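Engineer: A single structure is presented below for examination.
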Amino acid sequence: MSKEYNHRDIEKKWQETWDKNNAYATGNKGAEKRYVLDMFPYPSGQGLHVGHPKGYIATDIYSRFLRIKGYDVLHPMGWDSFGLPAENYAIKTKIHPKETIRKAKIQYKDQIKSLSLSYDWDREITTSDPEYYRWTQWLFLELYKNGLAYKKEAKVNWCESCKTVLANEQVVDNACDRCKGEVIQKSQEQWFFKITEFADDLIKDLKELDWPESTKINQENWIGKSEGAELTFKVKDSNDVIKVFTTRPDTLFGATYMVLAPEHELIEKLKPSIRNWSFVEKYVKKAISKTELERLSDGKDKTGMVLDGVMAINPANNEEIPIFVADYVLSGYGTGAIMAVPAHDDRDREFAEKYDLPIIEVNDGEKLVSSGEFDGVAIEEAKKSITEKVGGIMKTTYRLRDWSVGRQRYWGAPIPIIYCDKCGEVPVPVSDLPVTLPDDVDFVPTGESPLKDSKTFHSVKCPKCDSDAERESDTLDTFVCSSWYFFRFTDPTNFEEFASKKAINDWMPVDMYVGGAEHTVLHLMYSRFITKALKRFGYIDFKEPFDTLRHQGMIIAEDGRKMSKSFNNIVNPDDVIDTYGSDTMRLYEMFMGPFKDSISWSTSNILGVRRFIEKVWRLQDYVTDSSSKELEILLHQTIKKTEEDIKTFKFNTAISSFMVFANKVEEEKKISKDDLKSFLKILSPFAPHITEEMWFALGETTSISKSDWPKYSEDKLSSGKVVIAIQINGKAREEIEINEDENQDSVIEKVKETDSMKKRLEGREIKKVIYVKGKIINIVLGS
RNA sequence: GCCGCGGUGGCGGAAUUGGUAGACGCGCACGACUCAAAAUCGUGUUCCUUACGGAGUGAGAGUUCGAUUCUCUCCCGCGGCACCA
Numbered sequence: 000m001s002k003e004y005n006h007r008d009i010e011k012k013w014q015e016t017w018d019k020n021n022a023y024a025t026g027n028k029g030a031e032k033r034y035v036l037d038m039f040p041y042p043s044g045q046g047l048h049v050g051h052p053k054g055y056i057a058t059d060i061y062s063r064f065l066r067i068k069g070y071d072v073l074h075p076m077g078w079d080s081f082g083l084p085a086e087n088y089a090i091k092t093k094i095h096p097k098e099t100i101r102k103a104k105i106q107y108k109d110q111i112k113s114l115s116l117s118y119d120w121d122r123e124i125t126t127s128d129p130e131y132y133r134w135t136q137w138l139f140l141e142l143y144k145n146g147l148a149y150k151k152e153a154k155v156n157w158c159e160s161c162k163t164v165l166a167n168e169q170v171v172d173n174a175c176d177r178c179k180g181e182v183i184q185k186s187q188e189q190w191f192f193k194i195t196e197f198a199d200d201l202i203k204d205l206k207e208l209d210w211p212e213s214t215k216i217n218q219e220n221w222i223g224k225s226e227g228a229e230l231t232f233k234v235k236d237s238n239d240v241i242k243v244f245t246t247r248p249d250t251l252f253g254a255t256y257m258v259l260a261p262e263h264e265l266i267e268k269l270k271p272s273i274r275n276w277s278f279v280e281k282y283v284k285k286a287i288s289k290t291e292l293e294r295l296s297d298g299k300d301k302t303g304m305v306l307d308g309v310m311a312i313n314p315a316n317n318e319e320i321p322i323f324v325a326d327y328v329l330s331g332y333g334t335g336a337i338m339a340v341p342a343h344d345d346r347d348r349e350f351a352e353k354y355d356l357p358i359i360e361v362n363d364g365e366k367l368v369s370s371g372e373f374d375g376v377a378i379e380e381a382k383k384s385i386t387e388k389v390g391g392i393m394k395t396t397y398r399l400r401d402w403s404v405g406r407q408r409y410w411g412a413p414i415p416i417i418y419c420d421k422c423g424e425v426p427v428p429v430s431d432l433p434v435t436l437p438d439d440v441d442f443v444p445t446g447e448s449p450l451k452d453s454k455t456f457h458s459v460k461c462p463k464c465d466s467d468a469e470r471e472s473d474t475l476d477t478f479v480c481s482s483w484y485f486f487r488f489t490d491p492t493n494f495e496e497f498a499s500k501k502a503i504n505d506w507m508p509v510d511m512y513v514g515g516a517e518h519t520v521l522h523l524m525y526s527r528f529i530t531k532a533l534k535r536f537g538y539i540d541f542k543e544p545f546d547t548l549r550h551q552g553m554i555i556a557e558d559g560r561k562m563s564k565s566f567n568n569i570v571n572p573d574d575v576i577d578t579y580g581s582d583t584m585r586l587y588e589m590f591m592g593p594f595k596d597s598i599s600w601s602t603s604n605i606l607g608v609r610r611f612i613e614k615v616w617r618l619q620d621y622v623t624d625s626s627s628k629e630l631e632i633l634l635h636q637t638i639k640k641t642e643e644d645i646k647t648f649k650f651n652t653a654i655s656s657f658m659v660f661a662n663k664v665e666e667e668k669k670i671s672k673d674d675l676k677s678f679l680k681i682l683s684p685f686a687p688h689i690t691e692e693m694w695f696a697l698g699e700t701t702s703i704s705k706s707d708w709p710k711y712s713e714d715k716l717s718s719g720k721v722v723i724a725i726q727i728n729g730k731a732r733e734e735i736e737i738n739e740d741e742n743q744d745s746v747i748e749k750v751k752e753t754d755s756m757k758k759r760l761e762g763r764e765i766k767k768v769i770y771v772k773g774k775i776i777n778i779v780l781g782s
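Quick note: the first sequence, position 606, residue 605 per numbering that gives the first Met the number 0, numbers continuous.
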């Protein structure tokens, strides 16, 4: 009898051994390469809860599987350490973010190591290290040099409580994504990245990616391509024109009024002609000062004000139509003005009904009507011909806006720009990078970056003319840091380049990328944009960073709520590992259900997995000279299934097949040494400690991870005999064992000889027989 | 409102180029072991029915020899977007 299973001793022993042997180093010379990546975490002071490592366990199993199959696997981990939480914590406690992050990293690393996640720690990177953000700054300069980073006065989302600008993606339900505080609109000079330049590619290239369909669709919706036309309306008795974007140029004859967004420049220009100017001005002021929140609470009740005294000319029929200003038209989309077709647009209809404007139907659902010479023309065709007739152009518009990257905050990578009175905006020379974050700052936000107050930071000499100048004091959005980190992992200590071309070509693109679905439009789209930009600049030869993407589902607390400190329902992985062991925890998180699903933690279910681990341990007692024929077949089936399931991230069913196998051995109480070794090999990516222990106990002297993946043979997947169902009129009635390759006639004979079937068939006409080889035989009887 | 995903036992879930629904695990019941309990092992466990049999994958229809799987209509839940012209 083997000694009792003690996970604490076993796991500690092997973790120390592996650590000492640097067991997870990258570099299997000559082997095919694979890059398996997790979305790297923000090291928060809270430590991990059991939900965090779910994705890491999956990529670990995947990496271990690839290694044992003989691949050279790059599987790195790092820290996305810039950002608001550490800074907010510093404001509260005066503890420097550097210190907060340093401590959190240690805690995270310990927890990760206690799960034996096989990261190559030699490649660890931290985005708040000057050696890292020097290349983030370099990236900024590359974008700047190539016209993809620019500064402009813009209305930005401003969080009152965080005192900072937020990207559109960080505004959720008109509230700050982080503090849930109110977000208002504010005009300010801002740095932007020109992501819109890649809008079309960002949609087109999605097609080639092996990503969850919903993620692709969400991203496509976010980019929001719409195809239509830009049409020009003249303003009566004036040289001014109003350009509009519409997806329905075919409805032009039904355009009975126009609407300008409150911000539209033409309003001010038309002032002399507007008879009710004081009302218009009042409306515009009010609309512009409205926060998004207020606009939302006003609901769909549309408001507006007619520009009394000015009229536009509908270019289709030269009718004079009134012009309104209304805040249901957005300044940031299209041209900030629309032609309103109340008969065929719900919003225009609502507005027209409220202000008693004419509603003219111009199609019957298929063909145009009341459209002059275009009557009877099909809608799709009319789009083009009407646009042509009025001298418009077909145009594509996107919902996507440029990425606002400046933050009036301390804890981020400084933007490497210097302002000189003589030379203007001067980029910091690459040789002067990194522009390091100073320590002599007060963290309390004032609306301007704390970097302004730093004596060591703010004042510099102009790199061009050497006169007194000032540094840009904004820092970069942390999403900039995380939009290129996967390149750095390929060459993390390179002092000359962000990563060498060779290292990038060796490893990129990432073969398997795993992380939460909450990054659908933020991180993933930014990373794709940066990759496309780097390709344009000639640094890389591919256009997409992540070939395959999988999302992990959340782990919900046992009470059905989200795990949260405030609910006091957090399960700490340290406790789970101590009580049940790391192998059990790894296996349990994968066994809970489909990887992508959100599932509740269950203390009794984890016990079931622990029982399985103990059962595996007992298999040592059943080793004899040979396995039964049946067990051998089951082993080959299990090897095949495990391989398929790991590749498709169906870890839960792989584990259930391990359970079936262990149950079978326990039932038969015998297994050959070789067969047990094969079983340990396929289990080892999931449960590395117990399998290593048993492997050595069977007399092996080098790690199971350095062994090879067992091969199954096709002819051992089946015994040749198979049990099929006999159906009568489609209902399963009986089972029968036959030879796998038996023909239909022979099977029918056997069915007829079966006792229970004799009764059923007696005196009835067999109308039809359907035999599906090795599965069922269905006998259709006359009534 | 629009787009996407999902709905299977007491519970987590398995099974889709249409082919025995409920694998595996939890829970529960009974049994073995034990003075006893725990642990472990064994047996059973979709529902109704003593049985024969019948019903059954959110509801309803359809296609088919056969539907959890395909089609249509509807209901419910989740995620994303949301006055985007």
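Cβ coordinates follow ideal geometry from the N, Cα and C atoms, glycine included. Quick caveat: nothing in here was measured; it's all calculated off a predicted structure.
Is the region 612-622 touching the region 140-152, taking contact as three or more C-beta pairs under 8 Å?
Structural biologist: As far as the Cβ criterion goes, the region 612-622 does not touch the region 140-152, which means the pair count is below three.
Engineer: How do the region 218-225 and the region 393-413 stand: do at least 3 beta-carbon pairs fall below 8 Å, yes or no?
Structural biologist: At 8 Å Cβ cutoff, the stretches touch.
Engineer: Looking only at its own chain, which residues have a Cβ that is under 6 Å from the Cβ of GLU764, when we skip the five neighbours before and after it?
Structural biologist: Within the first sequence, residue 764 is the residue found at index 765, counting from 1. Result list for GLU764: GLY781, in chain order.
Engineer: Report buried or exposed for SER430, applying the criterion of at least 16 other Cβ atoms within 10 angstroms of its Cβ.
Structural biologist: For this step, residue 430 is matched to residue 431 along the first sequence. So SER430 counts as exposed.
Engineer: DSSP state of PHE192, grouped into three classes?
Structural biologist: Working through the first sequence from its first residue, we reach residue 192 at position 193. Strand.
Engineer: Relative to the alpha-carbon of VAL816, which residue among HIS343, ASP344 and GLU280 has its alpha-carbon at the smallest distance?
Structural biologist: Absent from the model: residue 816. The displayed extent of the chain is 0 to 782, so no value can be given.
Engineer: Among the candidates ASP438, PHE648 and PHE536, whose CA atom is the shortest distance from the CA of LEU142?
Structural biologist: Within the first sequence, residue 142 is the residue found at index 143, counting from 1. Here the closest residue by C-alpha is PHE536.
Engineer: Starting from the Cα of PRO462, find the closest Cα among VAL750, LEU432 and LYS561 and give me that residue.
Structural biologist: Translated into the one-based positions of the first sequence, residue 462 becomes position 463. Checked all of VAL750, LEU432 and LYS561; the closest Cα to PRO462 is LEU432.
Engineer: Can you tell me whether PRO428 is buried or exposed, with buried defined as 16 or more other CB within 10 angstroms of its CB?
Structural biologist: Counted from its first residue, the first sequence places residue 428 at position 429. Looking at its Cβ environment, which holds fewer than 16 other Cβ atoms inside 10 Å, PRO428 is exposed.
Engineer: Where do the N-terminal and C-terminal ends of the beta strand (DSSP E) with ASN738 fall, by residue?
Structural biologist: Within the first sequence, residue 738 is the residue found at index 739, counting from 1. Its beta strand (DSSP E) spans residues 730-738.
Engineer: Closer than 7 Å by C-beta to LYS639: which residues in its own chain qualify, once you throw out the five before and the five after it? Chain order, please.
Structural biologist: As a working note, residue 639 is residue 640 in the first sequence. Answer for LYS639: TYR711 and LEU716, listed in chain order.
Engineer: Restricting to Cα atoms, I'd like to know which of VAL746, SER115, SER127 and ALA556 is closest to HIS48.
Structural biologist: Mapped onto the first sequence, residue 48 falls at position 49. Checked all of VAL746, SER115, SER127 and ALA556; the closest Cα to HIS48 is ALA556.
Engineer: Determine the contact status of PHE497 and LEU73, defining contact as a CB-CB distance below 8 Å.
Structural biologist: For this step, residue 497 is matched to residue 498 along the first sequence. For this step, residue 73 is matched to residue 74 along the first sequence. No; because the gap between Cβ atoms is not below 8 Å, this pair is not in contact.
Engineer: I need the straight-line Cα distance from MET562 to SER702, nearest angstrom please.
Structural biologist: Here residue 562 refers to the residue found at position 563 of the first sequence. Here residue 702 refers to the residue found at position 703 of the first sequence. Roughly 37 Å between the two C-alpha positions.
Engineer: Using the C-alpha atoms, what's the distance from GLU699 back to GLU15?
Structural biologist: To locate residue 15, count along the first sequence from 1; it is residue 16. To locate residue 699, count along the first sequence from 1; it is residue 700. Between GLU15 and GLU699, the C-alpha separation is close to 19 Å.
Engineer: Would ARG759 pass as a contact of ILE727 if the rule is Cβ separation under 8 Å?
Structural biologist: Indexing the first sequence from 1 puts residue 759 at position 760. Indexing the first sequence from 1 puts residue 727 at position 728. For ARG759 and ILE727, yes; Cβs fall inside 8 Å.
Engineer: Where DSSP assigns a beta bridge to ALA653, which residues make up the other side?
Structural biologist: In the first sequence, the residue the question calls residue 653 occupies position 654. Note: ALA653 sits in no beta bridge, so no partner.
Engineer: Would the beta-carbon of LEU259 fall within 8 Å of that of LEU265?
Structural biologist: The count along the first sequence starts at 1 and reaches residue 259 at position 260. The count along the first sequence starts at 1 and reaches residue 265 at position 266. In this structure, LEU265 lies closer than 8 Å to LEU259 by Cβ.
Engineer: Check for me: the beta strand (DSSP E) holding ASN156 runs from which residue to which?
Structural biologist: Walking along the first sequence from the start, residue 156 turns up at place 157. That run of the beta strand (DSSP E) goes 148-158.
Engineer: Skipping 5 residues on each side, what residues in its chain have a beta carbon closer than 8 Å to that of PRO321?
Structural biologist: As a first step, residue 321 must be located in the first sequence, where it is residue number 322. Only TYR256, MET257, VAL305, LEU306, MET310, ALA311 and LEU356 meet the Cβ criterion.
Engineer: Tell me, please, which residues DSSP counts as bridged to TYR34.
Structural biologist: For the purposes of this step, residue 34 is identified with residue 35 of the first sequence, where counting begins at 1. DSSP, once it has assigned bridges, lists LEU73 as partnering TYR34.
Engineer: For ARG406, write down the residues that DSSP places opposite it in a beta bridge.
Structural biologist: The residue labelled residue 406 in the question sits at position 407 within the first sequence. THR474, per the DSSP bridge assignment.
Engineer: Closer than 7 Å by C-beta to ASP204: which residues in its own chain qualify, once you throw out the five before and the five after it? Chain order, please.
Structural biologist: Along the first sequence, one-based indexing puts residue 204 at 205. The residues are LYS542 and GLU543.
Engineer: In chain order, which continuous runs of the beta strand (DSSP E) of length 3 or greater are located wholly inside the region 357-425?
Structural biologist: The qualifying runs are 392-397 and 416-419.
Engineer: Is SER430 helix, strand or coil by DSSP?
Structural biologist: In the first sequence, counting from the first residue as 1, residue 430 sits at position 431. DSSP places SER430 in helix when its eight states are reduced to three.
Engineer: If you follow the alpha helix (DSSP H) that SER213 is part of, which residue opens it and which one closes it?
Structural biologist: As a first step, residue 213 is located in the first sequence; it is residue number 214 there, counting from the start. Note, SER213: alpha helix (DSSP H), 212-222.
Engineer: How would you write the range of the alpha helix (DSSP H) that MET756 sits in, first residue to last?
Structural biologist: As a position in the first sequence, residue 756 is number 757, starting the count at 1. First-last of the alpha helix (DSSP H) with MET756: 754-760.
Engineer: What residues in its chain sit with their C-beta under 8 Å from that of GLY180, if we drop five residues either side in the sequence?
Structural biologist: In the first sequence, the residue the question calls residue 180 occupies position 181. Excluding positions up to five away in sequence, the list reads CYS158, GLU159, SER160, CYS161 and ALA174.
Engineer: Please report the distance separating the alpha-carbon of GLN106 from that of GLY46.
Structural biologist: The count along the first sequence starts at 1 and reaches residue 106 at position 107. The count along the first sequence starts at 1 and reaches residue 46 at position 47. Taking the straight line joining both Cα atoms gives about 6 Å.
Engineer: For LYS531, which residues in the same chain have their Cβ closer than 7 Å to its Cβ, ignoring the five residues on either side in sequence?
Structural biologist: The residue given as residue 531 occupies position 532 in the first sequence. So the list reads PHE197, ASP200 and LYS542, once near-sequence residues are dropped.
Engineer: State yes or no: is the C-beta of PHE373 within less than 8 Å of the C-beta of ASN313?
Structural biologist: Here residue 373 corresponds to residue number 374 of the first sequence, with the count starting at 1. Here residue 313 corresponds to residue number 314 of the first sequence, with the count starting at 1. Taking 8 Å as the Cβ cut-off, PHE373 and ASN313 do not qualify as a contacting pair.
Engineer: Quick test of the definition: if touching needs 3 or more C-beta pairs under 8 Å, does the region 113-124 touch the region 73-88?
Structural biologist: Output reads yes: the region 73-88 touches the region 113-124.
Engineer: Mapping DSSP to helix, strand and coil, what is HIS51?
Structural biologist: Here residue 51 corresponds to residue number 52 of the first sequence, with the count starting at 1. Correct three-state label for HIS51: coil.
Engineer: Since PRO321 is in the beta strand (DSSP E), which residue starts that stretch and which ends it?
Structural biologist: On the first sequence, residue 321 is found 322 positions in, with the first residue counted as 1. Unbroken beta strand (DSSP E) run through PRO321: 319-325.
Engineer: Evaluate ILE769 with the Cβ neighbour count: other Cβ atoms within 10 Å of its Cβ, from every protein chain shown; 16 or more gives buried, anything less gives exposed.
Structural biologist: Taking the first residue of the first sequence as position 1, residue 769 is located at position 770. Classification for ILE769: exposed.
Engineer: For ILE723, which of GLU739, GLY762 and PRO42 has the nearest alpha-carbon?
Structural biologist: Along the first sequence, read from residue 1 onward, the residue named residue 723 stands at position 724. Measuring from the Cα of ILE723, the nearest candidate turns out to be GLU739.
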